[in-house]
DNA sequence: CCCTAGCGTTCTATGAACAGAACGTTCCAT
DNA sequence: ATGGAACGTTCTGTTCATAGAACGCTAGGG
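Chains as they are written, first to last, in UniProt numbering: chain F, 1 to 205; chain D, 1 to 205.
Pasting the structure below:
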């Protein structure tokens, strides 16, 4: 569907139902592609689910903040909402942008490839308590920066104790632990996966 | 869900623009490029010129309709406003001691509010050379994690030397430096702006 | 000196975007 | 059947983006 027509002078000054509708369609496509419910996307974006419901049906005129919250949760560039061309979102990426643990939530906010590695950036919130993580694929390196709260992270036998503003880097391919020491902690997690020839890169600048 | 950005009184706009500010800068650039006054652009877009004035200064959170009206009047694609975080960082700010300068690109990939602060996450790429950054608004804290390459960052008089996987945290409200030591470096930058309850609005009703 | 004309900013009222709760539905488990 | 869990929709009150007017500023002309 054409996203919209450049409105000739004399048309309605307010509200372009075409535009809102096409953006809404696009959001719904992206959401369902990932198998997310409205409730899940609402949680990931921190938007009201009523808001999303009406947005998807073109009954709202979203603000820039709202659009940005949605695109980052869905990990697409902002422009992707505005070119309603039914662009499929590239290869893989079935799992969706966020993962749940009892105590841990991770939302993918950035992902790109370097010459020799794939980089993913997560916003991770950690509730109080300890959580073991088995090693991931070989060669993975994790860097965590604490935004708020207090955590102990790192190799199971030698975790680092971090508070606001502190960072730590450790190998992600051996068992490690995330332990929330405050009631609620927010962190930024950078994961770097060595690029094997099979791991085909993704797009996005 | 992000309620509203902090706009500390009397402070210059940050040179790591938040989303609204960067879009505002972009609009102003495009408008002045064309020799248009606010009044003229208001007429062309059928928006209030007060609206445009505040938009350009990052004091509003425009809706999709508003953005569309502006882009069509200026005949640029909508996406042109939204990638405004790429490119030069801080419009022509510092004639400082930068040797090669300008070689910095920052893309906003995450943004949310904590109870007491606004958090922004950038993917920042740094070319070789040194770049001074003037202090941003009071209380800002920056944390940088190097993904690839090699940089020296921090307070101008005491920068830290970082390579892949290393991180550093420093106050962003005093002069600091970003220096790329490798030909090309990629980093993740976390900026935290204190949210003081009263700085939310410059006017009240 | 006024005056007027253009500029960008600030003010005021209104309507809409928003969060969150309440609702109706469907689909399981018991 | 009955409960409850998940879904998407609708409702309600609050916040904020918007239009347009009023304002202050800087010329330039008579």
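Idealized CB from N, CA, C, for every residue including glycine.
Closer than 9 Å to chain F by CB, residue i
i	result
residue 116/D	yes
residue 197/D	For residue 197/D, the pLDDT reaches just 48, beneath the cut-off of 50, and the residue's location in the model is therefore unreliable, although a value from the coordinates is still provided. With 9 Å as the cut-off, residue 197/D does not count as an interface residue toward chain F.
residue 23/D	yes
residue 168/D	yes
residue 157/D	no
residue 79/D	yes
residue 6/D	Note on residue 6/D: pLDDT 36, under 50, position unreliable in the model; the coordinate value appears next. Answer no: the Cβ-Cβ gap between residue 6/D and chain F never drops below 9 Å.
residue 17/D	Only weak support exists for where residue 17/D lies, its pLDDT of 44 falling under 50; the coordinates are left without a value.
Neighbour list for residue i in chain D, Cβ cutoff strictly below 8 Å
i	result
residue 121/F	109, 110, 121, 123, 188
For residue i, the nearest candidate out of the options (CA to CA)
i	options	result
residue 108/D	176/D, 40/D, 121/D, 171/D	121/D
residue 19/F	182/D, 161/D, 43/D, 64/D	64/D
residue 132/F	22/F, 147/F, 180/F, 53/F	180/F
residue 22/D	73/D, 81/D, 49/D	81/D
residue 190/D	62/D, 150/D, 123/D	123/D
residue 70/D	177/D, 57/D, 112/D, 47/D	47/D
residue 167/F	150/F, 183/F, 194/F, 29/F	150/F
residue 45/D	57/D, 193/D, 27/D, 148/D	27/D
residue 32/D	111/D, 54/D, 74/D, 112/D	74/D
residue 78/D	30/D, 187/D, 51/D, 59/D	30/D
residue 139/D	57/D, 194/D, 49/D, 61/D	194/D
residue 148/D	184/D, 178/D, 129/D	184/D
residue 110/F	24/F, 192/F, 25/F	192/F
residue 178/D	188/D, 164/D, 129/D, 163/D	129/D
residue 164/D	175/D, 187/D, 57/D	187/D
residue 76/F	112/F, 56/F, 159/F, 161/F	112/F
residue 56/F	68/F, 72/F, 25/F	25/F
residue 72/D	175/D, 182/D, 146/D, 43/D	43/D
residue 182/F	49/F, 66/F, 146/F	146/F
Short CB-CB distance (under 9 Å) between residue i and chain D
i	result
residue 20/F	yes
residue 151/F	no
residue 62/F	yes
residue 182/F	no
residue 67/F	yes
residue 72/F	yes
8 Å contact criterion, which residue i and residue j should meet: CB distance rounded
i	j	result
residue 153/D	residue 144/D	5 Å
residue 105/D	residue 125/D	5 Å
Neighbour list for residue i in chain F, Cβ cutoff strictly below 7 Å
i	result
residue 209/D	An answer regarding residue 209/D cannot be provided, because it is not within the stretch 1 to 205 covered by chain D.
Cβ-heavy atom distance, residue i to the ligand GDP, below 8 Å
i	result
residue 63/D	Ligands in the displayed structure: none, and consequently the ligand GDP is not present.
Contacts of residue i in chain D (Cβ-Cβ under 7 Å)
i	result
residue 143/F	145, 165, 167
> Would you call the segment 26 to 39 of chain D and the segment 29 to 38 of chain F touching, i.e. three or more CB-CB distances under 8 Å?
Replying inline: no
>> Three or more C-beta pairs under 8 Å: does that hold for the segment 110 to 125 of chain F against the segment 162 to 174 of chain F?
In response: no
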